[in-house]
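Let me begin by presenting the structure, written as structure tokens, before commenting on it.
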Amino acid sequence: MALLRRLRTSSLLLRFGVLSLLLTLGVGALLSTVLSRSITERAREQAEWTVISTVRLGLQPQLHPYDLTNGFDPDRLDRVQRAVRAAEDNLDEGGAFDDLDPVALKIFDADGEVVWADDHRLIGQRSESDELAAALRGHVVSGFTTGTDDAVEDPDGGRLLEVYVPIRYEGWPEPSGVMELYLPYAPVEAAIAEDVRTLTLVLAGSLAVFYGAVFDLVARASRRLRRQTEALRISADRNRHQAMHDALTGLPNRVLLRDRTEQALTAAARSAGEVAVLLVDLDRFKEINDTLGHSYGDELICQIGPRIRSVLREGDTVARLGGDEFAVLLPTVDGAAEARVVAERLRAALHRRFAVQDVALDVEASIGIALSPWHGTDPEELLRSADIAMYEAKEVKAGAVLFAPEVHVAGPSRLTVLGDLRAALESRDELFLHFQPKVTLDGTRVEGAEALLRWRQPDRGNVPPAEFVPVAEGTGIIIDLTERVLGLALGQLREWSDEGLAVPVAVNLSARCLLDASLPDRVARLLRAHGVPAGLLRLEVTESAVMSDVARCTDVLQRLHDLGVSLSIDDFGTGYSSMVHLRRLPVDELKVDRSFVLGMTTSSADAVLVRTAVDLGHNLGLTVVAEGVEDEEHVAALRALGCDLAQGYHFARPMAAEALTALLREARAGTGRALPVSAAGPVAV
Ligand code: C2E
Ligand code: MG
Ligand code: MG
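FYI, this note's numbering numbers position 314 of the sequence shown as 306, with every residue one higher than the one before it.
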């Protein structure tokens, strides 16, 4: 029992080894028993046959049926004696057995009386034994005798084989008599023992070889299986690790971060604690990549994780979300103040100089902080809030910014706006464009138009861009929105082109779009899809959007420019772009922000700024457009400054595509009047 219990807990191979050994031994024992029995039986039969053939061939021909009925005369007796001697010698040679020397011989007549015996005293005696009776009926009968029943003993004291052989003569229906022989069984037993020994040896040898071969086979298979299982386990571990970790840095990836945030949120909900997610984005990382090469960039990224880790606690998580974006999860944090302290520690750690392949690198980071449950109750929402705060930090160069719903969310229902916007993107007609012409200052020529997005929300009516564009900019939805605007604008451009009315159309791009490296490819695809030449598309980007990450934006802008798309700096004057950057950007138009244009006739500071902007634009070889031109006075002042184009309510409000089509048709037909058109002109939304 104990062995069985032990076996159950031991290795599979050992279990197989023991069980198969027991089975093999069992089979061996069974086979050996069956075969030994059959050997014994065969040996006895063989002994019987030796006797029968000796009697039939050697003795019987010497006897005459009358000998058995009338008795032997001395002469015949002598011949029988000699035949018996010969037969005994014959048996003695043994055939299959050594020394099968008969111990005694008797010849009975048909009445069961001994007519001859080598012990002459027995002659004349009568036997009533069953064996004799059976033999007289014609059966060969054999059996063992211990010598007591027949008073015949083996001189060596062993068992005797007693064989009764009927003596039959042709023409006689019944046996004429019976010959009884007592043979020593020892020679037969010796032959049996010899055969059984040989059999046992062969059987044991074969079973041992069989068992060894099977065990070896199974042991090999088991070893291979174990190796394969081990390899599979290692590869499964590796896959699990890869699915959860960033390949370059080995840090947890977004998936693992989400898991851990989920756990932290569950734990925090139980203890009414707070969880903080910090989104860390390196500033100007692209410059490093571009100027030093990707190997430097990669090495720097690899050094960031340990640097961040060095200022965190044991249970905090650092994850890499991609590119130069990292996230830190603080599963237990004591309010916003502590999260800010950690953010500042992080910034300080990252500001310490990095040594990458002997090059000293200074890195700055923008950090967005979001705190549960205030800024999100699930990992996605927390990350999104941290993301919005991080973009704010980048845009205003504030270092670390804590997500502030009242600032970052337009209106009380940012989530409602987002949901509605998603629905609008699904619908066909909630989102559409108005176009505002850009005209020469004398109002005679429409040189282009700006596409402005309009949203007619089924429940709330027209929603101004100022209410929904910033919300969309806080999430990835601005990318889809921009794609929709580009599609609508290019579709309209295609219609105008087909009618020979095409003027360049400008589309606004948000900072997020500029940081998206796939934008140029998507623009190229849309241009191809609509069959519009790139020269008819203009993209407007604000100064501050470009300045959030000059290197990355410049790269995207350059690739757009290479496509043949024209670029404008929008709202010029509101940001703090350096001359150096402005000179390097592949732009060809500068739009002076309407706040300065509106104020230029009343504020000398604004007037100076507009003059400076116009001069700067011209010096850089750019076309200068004044936005927000609302009256004749502005027009006069701008003319005096040599401004090239104007856009504003004075000339035309943003209008539906059909209205601009009408204007363009009039202009082509030469029937158009100079703008501003009459009061019945286009209506602003
Ligand atoms: P923006 O690109 O500077 O567009 C010009 C804005 O000035 C438009 O406001 C236009 O209606 C307004 N405007 C034009 N002339 C005058 C004027 O004489 N006086 C005054 N006071 N305003 C004038 P709108 O359409 O409300 O758009 C506001 C802003 O929303 C745009 O400023 C732009 O930044 C953003 N926006 C509009 N459409 C899109 C878009 O498709 N994508 C993105 N990313 N932003 C958009
Ligand atoms: Mg614009
Ligand atoms: Mg503008």
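We put the beta carbon where it would ideally sit given N, CA and C, even for glycine.
What you are looking at is a predicted structure, and each value in this text was computed from that prediction instead of being measured.
Buried versus exposed call for residue i [16 or more other C-beta atoms within 10 Å across all chains shown]
i, result
"Lys278", "buried"
"Thr140", "Confidence is the limiting factor: at Thr140 the pLDDT is only 48, short of 50, which leaves the residue's position unreliable, though a coordinate-based value still follows. Under this definition Thr140 is an exposed residue."
"Asn281", "buried"
"Asn454", "exposed"
"Asn611", "exposed"
"Gln52", "buried"
"Thr137", "buried"
"Val548", "buried"
"His233", "exposed"
"Gly609", "buried"
"Gln484", "buried"
"Val106", "buried"
"Gly662", "exposed"
"Ala347", "exposed"
"Tyr161", "exposed"
Near ligand 1: residue i beta-carbon under 7 Å from a heavy atom
i, result
"Gly360", "no"
"Gln484", "no"
"Gln428", "yes"
"Val477", "yes"
"Gly591", "no"
Rounded straight-line distance, which links the Cα of residue j to that of residue i
i, j, result
"Pro404", "Arg345", "Here Pro404 scores only 40 on pLDDT, less than 50, and its place in the model is too uncertain to base an answer on."
"His626", "Val542", "33 Å"
"Asp110", "Lys98", "7 Å"
"Arg603", "Ile293", "45 Å"
"Asp308", "Ser489", "58 Å"
"Thr432", "Leu574", "24 Å"
"Arg660", "Leu493", "8 Å"
"Pro512", "Ser214", "58 Å"
"Leu274", "Glu317", "7 Å"
"Ala402", "Gly468", "At Ala402, the pLDDT of 48 sits below 50, so the modelled position is not reliable; the number obtained from the coordinates is stated separately. Ala402 and Gly468: Cα-Cα distance of roughly 16 Å."
"Pro165", "Met171", "17 Å"
"Leu217", "Phe207", "15 Å"
"Gly673", "Ala648", "Interpretation of Gly673 is limited by its pLDDT of 38, a score under 50 that renders its predicted location unreliable; no figure is taken from the coordinates."
"Ala671", "Val461", "With a pLDDT of only 37 at Ala671, under 50, the local geometry of the prediction cannot be trusted, and no value is derived from it."
"Gly466", "Thr474", "13 Å"
"Ala378", "Leu652", "42 Å"
"His286", "Cys545", "18 Å"
"Ser558", "Val538", "15 Å"
"Asp563", "Lys583", "6 Å"
"Ser121", "Glu186", "34 Å"
"Ala223", "Leu321", "34 Å"
"Leu175", "Ala200", "39 Å"
"Lys389", "Leu531", "25 Å"
"Glu439", "Gly565", "23 Å"
"Gly169", "Tyr203", "57 Å"
Residue nearest to residue i in terms of C-alpha spacing, selected from the options
i, options, result
"Pro298", "Gly640, Thr241, Val348", "Thr241"
"Arg448", "Gly468, Arg603, Glu442, Leu417", "Leu417"
"Leu444", "Arg476, Val438, Ile469, Arg215", "Arg476"
"Gly130", "Val155, Arg437, Ala537", "Val155"
"Leu590", "Leu582, Asp623, Glu336", "Asp623"
"Val409", "Leu4, Pro457, Val201, Ala378", "Pro457"
"Asp585", "Ile561, Phe318, Ala200, Thr593", "Ile561"
"Glu336", "Leu394, Ala196, Arg437, Val95", "Leu394"
"Ser587", "Glu254, Ala618, Asp122, Gly613", "Ala618"
"Pro496", "Val538, Ser510, Arg437", "Arg437"
"Glu535", "Gly523, Glu373, Leu501", "Leu501"
"Asp554", "Leu529, Thr566, Val621", "Leu529"
"Leu740", "Leu552, Glu372, Ala503, Val533", "Here the chain has residues from -7 to 677 only, and residue 740 is not among them."
Residue i: CB within 7 Å of a non-hydrogen atom of ligand 2
i, result
"Asp562", "yes"
"Asn500", "yes"
"Glu491", "no"
"Glu535", "no"
"Glu356", "no"
Minimum Cβ-Cβ distance from residue i to chain C less than 8 Å
i, result
"Leu614", "Absence of chain C from the displayed structure is noted, only one protein chain being present."
beta-carbon residue i near ligand 5 non-hydrogen atom, thresh 7 Å
i, result
"Asp585", "With respect to ligand 5, the structure offers nothing, as its ligand set consists of ligand 1, ligand 2 and ligand 3."
Ligand 3 heavy atom lying under 7 Å from the CB of residue i
i, result
"Glu418", "no"
"Glu622", "no"
- [ ] Tell me, please, whether the segment 250 to 268 touches the segment 307 to 325 by the rule of three or more beta-carbon pairs shorter than 8 Å.
- [x] yes
- [ ] Would you check if the segment 624 to 641 and the segment 425 to 433 touch, i.e. whether three or more CB-CB distances between them fall below 8 Å?
- [x] yes
Task: the segment 229 to 246 / the segment 344 to 361 touching (three or more Cβ pairs under 8 Å) - done: no
Open item on the list: Assess contact between the segment 365 to 373 and the segment 299 to 306, defined as three or more Cβ pairs (one per stretch) separated by less than 8 Å. Is contact present?
Closed with: no
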